[in-house]
Amino acid sequence: MLGYVVVVAMVVCAIISVVVVTAGEAARQTRLTRDRNANGRVLIAALGASDLTGEGTRDPERENWIAQLAAQLPAHVDIATFGIGGAWLADARIEHVPKAVAIKPDIVIGWLIVNDLTQGALLAEYIQILDAVLADLAQPGTQILLGNAPRLWELPAFTGDAEDLAELRREVAVWNDSLAAVATKYDVVVVDLHQNPVEIEDLSEDGFHPSPAGHAKLAATFRPHVLAALDQTRNARQTAAID
390 MLGYVVVVAM VVCAIISVVV VTAGEAARQT RLTRDRNANG RVLIAALGAS DLTGEGTRDP
450 ERENWIAQLA AQLPAHVDIA TFGIGGAWLA DARIEHVPKA VAIKPDIVIG WLIVNDLTQG
510 ALLAEYIQIL DAVLADLAQP GTQILLGNAP RLWELPAFTG DAEDLAELRR EVAVWNDSLA
570 AVATKYDVVV VDLHQNPVEI EDLSEDGFHP SPAGHAKLAA TFRPHVLAAL DQTRNARQTA
630 AID
């Protein structure tokens, strides 16, 4: 077991926005998808935890990173957000992934690794669940962007001596390598959050959750990958129209 201590209380927040679709609405969803394509609209499903509920911001609804990202995307893009504070990947698999699949998104954005890694989940179980989640999400025409674990050992919320933090750093590397291996299996784009050094202004007072500036950095890191996915969606639709 890792020797570091998490000195942050995870507050379970309300779901920002949930789009519920029952099995009986399958035909309706097929029609809506066809209409969406004809109208040129693109639907993104975002899956996450307290990052999506805006924990650490002054105005969670507007300053969470998905809201900041949405403000930078073209007007024809719609985002359905599925997030609850403290969620593990297993929680998302049960509560949110089926709903995300049901709305037939063109793009899925997911970031669900930090809580599992820092709160005692077993890597083997996490990877097994991740494989199942990606298998469900990887529907024809759906692109998936998946964030990895950031530089957690640089966060003030994690305490310990040099050996403890070195162990955490090794754990982050192992988890990220394992995530990348599963992502490759499903042609998932891994958004490398690990590349960003942690700056004090990126953190809220608890030393764990992002500040508004930290949420902005998350949005900036995901944005080029989302724009590339939007281009790919447009090109695929144009090709399908020609055929």
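Our numbering applies: residue 390 is where the sequence shown begins, and numbers increase by one.
Where a beta carbon is used, it is the ideal one built from N, C-alpha and C, also for glycine.
For residue i: DSSP bridge partner residues
i, result
"aspartate 467", "Leu432"
"valine 577", "DSSP, once it has assigned bridges, lists no residue as partnering valine 577."
"valine 503", "Note: valine 503 sits in no beta bridge, so no partner."
"valine 497", "Ala434 and Ile533"
Residue i - DSSP class collapsed to helix/strand/coil
i, result
"glycine 603", "helix"
"glutamine 532", "strand"
"isoleucine 473", "coil"
"phenylalanine 611", "helix"
"isoleucine 516", "helix"
"valine 407", "The predicted position of valine 407 is uncertain, since its pLDDT is 32 and thus under 50; a value taken from the coordinates is nonetheless stated next. Three-state result, valine 407: coil."
Alpha carbon of residue i to alpha carbon of residue j, nearest angstrom
i, j, result
"alanine 617", "isoleucine 433", "13 Å"
"valine 431", "alanine 491", "15 Å"
"leucine 506", "alanine 630", "44 Å"
"leucine 554", "leucine 544", "10 Å"
"glycine 499", "glycine 445", "19 Å"
"alanine 481", "alanine 551", "34 Å"
"asparagine 585", "alanine 608", "12 Å"
Contact test: residue i Cβ vs the ligand ATP heavy atom, cutoff 7 Å
i, result
"leucine 512", "Among the components modelled here there is no ligand, and therefore nothing to report on the ligand ATP."
Member of the options whose CA lies at the smallest distance from the CA of residue i
i, options, result
"asparagine 565", "Pro539, Gly437 and Val587", "Pro539"
"aspartate 467", "Ile473, Asp480 and Asp495", "Asp495"
"arginine 559", "His604, Lys493, Ala609 and Leu512", "Leu512"
"glycine 596", "Gly429, Lys493 and Leu541", "Leu541"
"arginine 612", "Lys493, Ala476, Gly536 and Val571", "Gly536"
"lysine 574", "Ser439, Gln508 and Val522", "Val522"
"lysine 606", "Asn428, Gln457, Val486 and Leu436", "Gln457"
Stretch-stretch touch, CB-based, cutoff 8 Å, three pairs: the region 566-578 with the region 528-537
The answer is yes - the region 528-537 touches the region 566-578, with three or more Cβ pairs under 8 Å.
Counting pairs of beta carbons, one from the region 595-606 and one from the region 449-462, are three or more of them closer than 8 Å?
yes
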